[in-house]
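Only one structure is covered here, and it is reproduced in the block below.
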Amino acid sequence: MSRAPQPQVPVKAAPSVFVVDDDPSMREALDSLFRSVDLQVELFASAAEFLQHRRPDGASCLVLDIRLPGVSGLDFQAQLQKANIRIPIIFMTGHGDIPMSVRAMKAGAVDFLAKPFRDQDMLDAVAAALRRDEQAREAEKVAESLRASYELLTAREREVMALVTSGLMNKQVAAELGLSEITVKIHRGHAMRKMKARSLADLVRMAENLGLHPPKTR
Amino acid sequence: MLTSRLSWWPSPFALLGYGAAIVSVTVALTVALLLDAFLQSMPYVSLLLCSIMFVAWFGGLGPSLLAAALAALYFVFFLVDPIGSIAIATKDIPRVVLFVITSLFVVSLSAAQRRSAESLRSARDDLQASVRELARVNKALLAENVERKRVEAYLEEAQTLSHTASFGWKIVGNQVFLSKEGYRVLDVDRDQKLSIGLLLRRVHPDDKHILQNEIDRASRGGLDQNYEMRWLTSTGTIRHLHVRAHRMQFDPGEDEFVGAVMDVTDTRNAEEALGATQAALARAARMATLGEMGASIAHEVNQPLAGIVTNGEAGLRWLDRKEPELGEVRGAMERMIRDAKRASQVVERLRALVRKTPAKRLPLDMNDVITESIALLQREVQTHRIVLKTDLARDLPLVLADRIELQQVVINLMVNGMQAMESVTDRPRLLLVRSSADETQVVVAVQDAGVGLEPAAMGRLFNPFFTTRDGGMGMGLSICRSIVEAHGGHIWASPNEGPGASFQFALPLQPEAVQ
Numbered sequence: 009m010s011r012a013p014q015p016q017v018p019v020k021a022a023p024s025v026f027v028v029d030d031d032p033s034m035r036e037a038l039d040s041l042f043r044s045v046d047l048q049v050e051l052f053a054s055a056a057e058f059l060q061h062r063r064p065d066g067a068s069c070l071v072l073d074i075r076l077p078g079v080s081g082l083d084f085q086a087q088l089q090k091a092n093i094r095i096p097i098i099f100m101t102g103h104g105d106i107p108m109s110v111r112a113m114k115a116g117a118v119d120f121l122a123k124p125f126r127d128q129d130m131l132d133a134v135a136a137a138l139r140r141d142e143q144a145r146e147a148e149k150v151a152e153s154l155r156a157s158y159e160l161l162t163a164r165e166r167e168v169m170a171l172v173t174s175g176l177m178n179k180q181v182a183a184e185l186g187l188s189e190i191t192v193k194i195h196r197g198h199a200m201r202k203m204k205a206r207s208l209a210d211l212v213r214m215a216e217n218l219g220l221h222p223p224k225t226r
Numbered sequence: 002m003l004t005s006r007l008s009w010w011p012s013p014f015a016l017l018g019y020g021a022a023i024v025s026v027t028v029a030l031t032v033a034l035l036l037d038a039f040l041q042s043m044p045y046v047s048l049l050l051c052s053i054m055f056v057a058w059f060g061g062l063g064p065s066l067l068a069a070a071l072a073a074l075y076f077v078f079f080l081v082d083p084i085g086s087i088a089i090a091t092k093d094i095p096r097v098v099l100f101v102i103t104s105l106f107v108v109s110l111s112a113a114q115r116r117s118a119e120s121l122r123s124a125r126d127d128l129q130a131s132v133r134e135l136a137r138v139n140k141a142l143l144a145e146n147v148e149r150k151r152v153e154a155y156l157e158e159a160q161t162l163s164h165t166a167s168f169g170w171k172i173v174g175n176q177v178f179l180s181k182e183g184y185r186v187l188d189v190d191r192d193q194k195l196s197i198g199l200l201l202r203r204v205h206p207d208d209k210h211i212l213q214n215e216i217d218r219a220s221r222g223g224l225d226q227n228y229e230m231r232w233l234t235s236t237g238t239i240r241h242l243h244v245r246a247h248r249m250q251f252d253p254g255e256d257e258f259v260g261a262v263m264d265v266t267d268t269r270n271a272e273e274a275l276g277a278t279q280a281a282l283a284r285a286a287r288m289a290t291l292g293e294m295g296a297s298i299a300h301e302v303n304q305p306l307a308g309i310v311t312n313g314e315a316g317l318r319w320l321d322r323k324e325p326e327l328g329e330v331r332g333a334m335e336r337m338i339r340d341a342k343r344a345s346q347v348v349e350r351l352r353a354l355v356r357k358t359p360a361k362r363l364p365l366d367m368n369d370v371i372t373e374s375i376a377l378l379q380r381e382v383q384t385h386r387i388v389l390k391t392d393l394a395r396d397l398p399l400v401l402a403d404r405i406e407l408q409q410v411v412i413n414l415m416v417n418g419m420q421a422m423e424s425v426t427d428r429p430r431l432l433l434v435r436s437s438a439d440e441t442q443v444v445v446a447v448q449d450a451g452v453g454l455e456p457a458a459m460g461r462l463f464n465p466f467f468t469t470r471d472g473g474m475g476m477g478l479s480i481c482r483s484i485v486e487a488h489g490g491h492i493w494a495s496p497n498e499g500p501g502a503s504f505q506f507a508l509p510l511q512p513e514a515v516q
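Those protein sequences? They're chains A and B, same order as listed. Following my numbering, the numbering of the first sequence begins with 9 at its first residue and continues without gaps. Following my numbering, the numbering of the second sequence begins with 2 at its first residue and continues without gaps.
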């Protein structure tokens with residue numbers, strides 16, 4: 009099955025797993041394990057090494073030892089969040105690191121596994137993490153195109169969109185902005201077309217997604 | 002003195018003699034004249050001679066000569082014709098001459114007699130003086146004898162109490178002398194003849210070479226002896242004897258070794274017991290240290306085990322693929338073997354720390370000891386967020402030391418430093434381990450940036466059961482000190498110029514104890 013035709017889905021980067029562990033034997037073992045199920049693996053001995061590495065576009069996740077030289081796994085998790093690098097993290101913990109694991113989970117880790125772990129548990133956790141990243145990337149893509157569409161709106165259209173999606177009638181919007189109802193309707197139509205919204209409900213969901221709030225004029 | 006100074010003036014006694022000469026001769030003449038007048042006898046010559054003899058006896062030669070002259074004068078004046086004049090008739094000359102000769106003879110006889118009497122007297126005086134001197138000397142000797150007996154008694158008592166004997170050994174002639182205590186210390190019968198041969202038979206077989214070596218050295222002209230050997234009593238128990246002696250010469254050409262033999266068995270036994278106790282304590286402290294390193298140890302063992310499990314599982318997955326990737330399986334298995342070896346090394350290292358083996362002194366590079374200690378504490382360093390730095394001197398000279406014990410000292414000092422920085426949050430928790438050396442010693446220093454030392458605590462830091470930590474046993478530093486001192490070194494603490502403290506220990510390159 010080696011040279012089978014490529015799947016017809018648009019070329020999508022293969023999912024990668026990043027392993028950060030200062031212990032070389034653990035790194036190599038994980039490398040072998042992930043490759044045996046055809047996952048791409050990148051190995052790093054420290055958090056700094058990982059940060060220097062450019063991440064590919066495809067879905068990815070981070071398998072992180074909770075104790076690292078220099079900066080701890082938990083601190084690294086916080087650093088990534090601060091730098092707005094969103095990547096699902098699976099923590100590996102050693103002996104007696106339960107309190108740290110709890111903190112890791114609270115800070116949004118996908119899972120934590122105590123060494124030595126079962127290979128299936130690790131692979132399941134990685135699969136879940138990759139799925140989560142995939143979804144996040146999809147959502148990000150949608151939000152991205154919405155933001156692009158929203159960029160096309162004029163200032164007036166944005167005002168109208170914000171007020172309409174907050175639940176006001178055309179008449180109320182007209183009064184609010186000091187326009188005629190007709191003008192409001194025209195702006196609303198332009199906005200819906202530019203945003204590719206099929207219905208008002210559609211537009212409301214988009215506004216939510218974009219985090220729009222009605223302008224506070226009073 | 003006075004007489005000698007005024008020798009030209011006759012002494013009063015001499016004057017008395019001359020006076021007596023005049024008086025006695027005059028009295029003799031008067032008596033003779035009276036006897037002549039009343040009794041018609043004529044005892045002139047005999048009485049005058051008597052008076053001369055008296056004067057010679059009483060006054061000596063001078064007065065007796067005066068008496069003789071006076072008597073001759075009286076004789077001529079009163080008895081020789083013409084009487085009443087000093088003229089002498091020719092017919093009487095022989096009488097006068099005879100009288101003079103007789104009187105002079107009497108004088109000389111008396112003088113001789115007197116001289117012998119005097120020399121007899123002076124001899125008697127001398128004799129008396131020597132007798133007095135002898136009596137004085139005798140008294141002094143008696144006193145000295147009493148004193149010497151007391152000193153001897155003291156010495157013997159002191160020898161008994163201190164299990165110390167004195168001995169002498171004449172090299173030529175092979176004669177050995179022992180004090181009373183010596184027979185007890187060596188456990189030899191008093192009537193046994195002492196000789197080097199006997200000593201060599203009774204020394205512990207393993208120490209025979211020590212004694213033989215000392216004897217050879219002495220025969221070759223060695224000056225001082227100072228050595229220890231084990232000795233077998235008649236019942237076969239072992240005694241430790243310490244011998245100190247030096248060469249002396251009482252008689253020309255006869256060199257002698259004079260010295261002391263101390264029975265130091267009790268001391269050695271106590272030292273051995275102390276050593277065993279210290280070893281047990283040190284081991285307990287190592288266990289305690291291990292307890293404090295618990296998390297590190299679990300991690301050290303767990304890490305390779307996790308590697309083995311994951312590699313094994315990955316290997317199985319490679320095998321289970323439709324087309325098994327044997328190369329990958331091989332790689333996984335090789336890593337499993339490597340990790341298993343690593344795990345067993347960790348266990349071996351830990352076992353060595355708690356193993357109950359007597360201390361083994363071998364040439365040792367302290368840098369190796371430091372590196373191994375750091376390896377054992379790797380995790381501890383990370384958990385405590387320690388920035389560990391080392392500054393190790395290159396080509397460190399070797400010291401004769403026990404690896405495990407010194408590893409324990411370094412670990413203890415490092416753990417101490419880390420604990421001292423537990424509360425530090427405003428600066429890096431820097432732990433610096435340094436090694437250095439000069440001609441005489443190797444120095445290892447562990448410097449922390451922790452809370453530092455209170456001046457009041459400085460003096461007691463290394464005392465047992467002294468601790469500034471809650472839950473601390475206070476044994477760590479005291480164990481460190483006993484280990485370092487057992488190696489002939491010393492350990493000390495000092496505050497840093499900045500925050501924190503430094504603990505250092507120095508080990509001599511040439512331990513004195515080893516001969």
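Here a beta-carbon is modelled for each residue, glycine too, at the ideal position from N, C-alpha and C.
* So, does the CB of Asp207/B fall closer than 7 Å to a CB anywhere in chain A? -> Output row for Asp207/B: interface = no.
* Since Thr103/B is in the alpha helix (DSSP H), which residue starts that stretch and which ends it? -> Ile94 to Ser163
* To do: Establish whether the CB of Asp83/A and some CB of chain B are separated by less than 7 Å.
  => With 7 Å as the cut-off, Asp83/A does not count as an interface residue toward chain B.
* Asked: Do three or more CB pairs link the segment 400 to 416 of chain B to the segment 365 to 379 of chain B at distances below 8 Å?
  -> Yes, they touch.
* Nearest candidate by alpha-carbon position, reference Ile102/B, set Ala69/B, Asp127/B, Tyr75/B and Pro398/B -> Ala69/B
* **Beta-carbon neighbours of Gly219/A, restricted to chain B and to distances below 8 Å** => Within chain B, no residue comes near Gly219/A; the closest Cβ sits about 38 Å away, beyond 8 Å.
* To do: Check each candidate in Asp225/B, Met230/B, Leu195/B and Lys194/B and name the one with the smallest Cα separation from Pro206/B.
  => Among Asp225/B, Met230/B, Leu195/B and Lys194/B, the Cα nearest to that of Pro206/B belongs to Met230/B.
* To do: Return the residue from the list Glu146/A, Ile98/A, Ala53/A and Leu88/A that minimises the CA-CA distance to Leu76/A.
  => Ala53/A
* Asked: Which residues of chain B have a Cβ atom closer than 9 Å to the Cβ of Val134/A, listed in chain order?
  -> Ordered by position in chain B, no residue passes the 9 Å Cβ test against Val134/A, which lies about 13 Å from the chain.
* Asked: In chain B, which residues lie with their C-beta within 9 Å of the C-beta of Arg111/A?
  -> The CB of Arg111/A never comes closer than 9 Å to any CB in chain B; the least such distance is about 15 Å.
* To do: Just the C-alpha distance for Ser86/B and Pro64/B, rounded to the nearest angstrom, thanks.
  => If I take the Cα positions, the gap works out to 24 Å.
* For Leu3/B, count neighbouring Cβ atoms within 10 angstroms of its own Cβ and tell me buried if that reaches 16, exposed if not. => Note that Leu3/B scores 43 on pLDDT, short of 50, meaning its location in the model is unreliable and no value can be drawn from it.
* Using a Cβ cut-off of 7 Å (strictly closer), state whether Ala55/A contacts chain B. => no
* To do: Using a Cβ cut-off of 7 Å, pull out every chain E residue sitting near Ala307/B, in sequence order please.
  => The chain inventory of the structure shown lacks chain E, comprising the protein chains A and B.
* In angstroms, rounded to a whole number, what distance separates the CA positions of Val444/B and Ala344/B? -> 32 Å
* Asked: Any beta-carbon of chain A closer than 7 Å to the one on Trp493/B?
  -> no
* To do: Could you tell me the boundaries of the beta strand (DSSP E) in which Glu255/B lies?
  => From DSSP, the beta strand (DSSP E) with Glu255/B extends over Glu255 to Asp264.
* At which residues does the beta strand (DSSP E) containing Met214/A begin and terminate? -> First-last for Met214/A: Leu208 to Leu218, but that is the alpha helix (DSSP H), not the beta strand (DSSP E).
* Quick one: using the 10 Å Cβ neighbour count with 16 as the cut-off for buried, is Ala22/A buried or exposed? => exposed
* Between Asp188/B and the rest of its own chain, which residues show a CB-CB distance below 7 Å, the 5 nearest in sequence each way excluded? -> Thr234 and Ser235
* Sorry if obvious, but does the Cβ on Arg221/B come closer than 6 Å to a heavy atom of the ligand SAM? -> The ligand SAM is absent from the structure shown, which contains no ligand whatsoever.
* Cα-Cα separation, Pro398/B to Leu510/B -> 8 Å
* **Helix, strand or coil at Pro456/B [DSSP, three-state]** => helix
* To do: With DSSP as the reference, please indicate the residues paired to Thr101/A in a beta bridge.
  => Per DSSP, Ala122/A.
* To do: Kindly list the residues whose CB is nearer than 7 Å to the CB of Ala29/B, restricted to its own chain and excluding five residues on each side of it in sequence; keep chain order.
  => So the qualifying residues of the chain are Leu48, Leu49, Cys51 and Ser52.
* Asked: In whole angstroms, what separates the C-alpha of Tyr75/B from that of Leu16/B?
  -> C-alpha of Tyr75/B to C-alpha of Leu16/B: approximately 21 Å in a straight line.
* Asked: Given that Val310/B touches chain A, what residues does it touch there, using C-beta distances under 9 Å?
  -> Ala37, Lys123, Pro124, Phe125, Arg126 and Asp127
* Output yes or no for whether 7 Å exceeds the beta carbon distance between Ala25/A and Leu59/A. => It should be pointed out that residue 25/A corresponds to Val in this sequence rather than to Ala. Taking 7 Å as the Cβ cut-off, Val25/A and Leu59/A do not qualify as a contacting pair.
* Specify, as a first and last residue, the run of the alpha helix (DSSP H) that Arg1/B falls within. => The structure shown has nothing for residue 1/B, since chain B only spans 2 to 516.
* Asked: Cα-Cα, which of Ser33/A, Arg155/A, Met203/A and Thr173/A is closest to Ala341/B?
  -> Ser33/A
* When the cut-off is 7 Å and only beta carbons count, does Arg75/A lie next to chain B? -> yes
* Measuring only between beta-carbons, confirm whether Glu314/B sits less than 7 Å from chain A. => yes
* Ala421/B lies in the alpha helix (DSSP H); which residues open and close that run? -> Arg404 to Ala421
* To do: Report yes if the CB atom of Ala22/B is closer than 7 Å to the CB atom of Leu62/B, and no otherwise.
  => No, the Cβ-Cβ distance between Ala22/B and Leu62/B is not below 7 Å.
* To do: Quick one: grab the DSSP three-state call for His243/B.
  => strand
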